[in-house]
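Numbering (this note's numbering), first residue to last: 487 to 692. Built from N, CA and C at the ideal position, the CB exists for glycine as well.
Here it is in structure tokens:
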């Protein structure tokens, strides 16, 4: 093959790579993935092999999907900069949206604290047999910059089998937390467990 022919072949082989490099400069694929993702882990769990069966003398508690403001309907950790300014913590990403994480945390906390006295449903199963439903709004689960603290705030709505509704606000705050993803994630986990414990005791004891 002549030198000219070899050059044409090389150009044809290189064309896709050159095109990809050109596109890479124009199209963003979301940037590099984060080093780690944040989640919520229950401080107390129901033991392995435990469970409960619906019966006339056993409460059935259904933890329904929670509402959230727009600032929590993302995979980021909101930072309250001032009364009128909101940002998101750098390099801090949830593995799932906060409302779903807190819903499952609340369900597991209910199972552990009820000790089998209640059947707890925290997924998307049918809730036709529920004697108590627990829903509400996860108002805050983020970082407050002026006070260097994390805040978890949950407005709960408990509805019994007769349709009677009761509301209560639960809140936990931990101060002295540096504005770093790992420190904020750990503090939010502790605060969320505290709120879940308060709400679980309220729901089980009703």
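Which class does residue i belong to by DSSP, given the choice of helix, strand or coil?
i           : result
residue 705 : Residue 705 cannot be examined here, being either before or after the span of the chain that is shown, 487 to 692.
residue 658 : strand
residue 631 : coil
residue 626 : strand
residue 687 : helix
residue 678 : helix
residue 573 : strand
residue 696 : Summary: the structure shown does not reach residue 696, with the chain confined to residues 487 through 692, and so no result is reported for it.
residue 670 : helix
residue 510 : The predicted position of residue 510 is uncertain, since its pLDDT is 40 and thus under 50; a value taken from the coordinates is nonetheless stated next. Residue 510: helix per DSSP, three-state reduction.
Looking at the strands, I want to know which residues DSSP matches up with residue i.
i           : result
residue 604 : 545
residue 644 : 620 and 652
residue 524 : 580
residue 637 : 628 and 659
residue 562 : 579
Distance, Cα to Cα, residue i vs residue j?
i           : j           : result
residue 646 : residue 589 : 19 Å
residue 673 : residue 663 : 7 Å
residue 688 : residue 666 : 33 Å
residue 635 : residue 680 : 15 Å
residue 535 : residue 599 : For residue 535, the predicted model reports a pLDDT of 46, less than 50, meaning its position is unreliable and no value from the coordinates is stated.
residue 633 : residue 691 : 34 Å
residue 579 : residue 605 : 32 Å
residue 656 : residue 684 : 7 Å
residue 658 : residue 648 : 31 Å
residue 597 : residue 531 : 7 Å
residue 670 : residue 556 : 20 Å
residue 504 : residue 686 : Bear in mind that a pLDDT of 41 at residue 504, under 50, signals an unreliable position, so the model cannot answer this.
residue 562 : residue 587 : 13 Å
residue 582 : residue 564 : 14 Å
residue 668 : residue 637 : 15 Å
residue 654 : residue 610 : 24 Å
If you measure from the beta carbon of residue i to each beta carbon in chain D, is any gap under 7 Å?
i           : result
residue 592 : Of the protein chains in this structure there is only one, and it is not chain D.
Using 7 Å as the threshold, is the C-beta distance between residue i and residue j below it?
i           : j           : result
residue 682 : residue 660 : no
residue 622 : residue 643 : yes
residue 526 : residue 675 : yes
residue 584 : residue 558 : yes
residue 607 : residue 554 : no
Query raised in the report: Counting pairs of beta carbons, one from the region 607–626 and one from the region 546–560, are three or more of them closer than 8 Å?
Result: Contact between the region 607–626 and the region 546–560 is present, because at least three Cβ pairs lie under 8 Å.
Query raised in the report: Three or more C-beta pairs closer than 8 Å, one from the region 593–604 and one from the region 561–572: is that the case here?
Result: Taking one beta carbon from each stretch, the region 593–604 and the region 561–572 have fewer than 3 pairs nearer than 8 Å; the two do not touch.
Query - Contact between the region 571–590 and the region 619–629 (3+ Cβ pairs under 8 Å) - result: A contact exists between the region 571–590 and the region 619–629.
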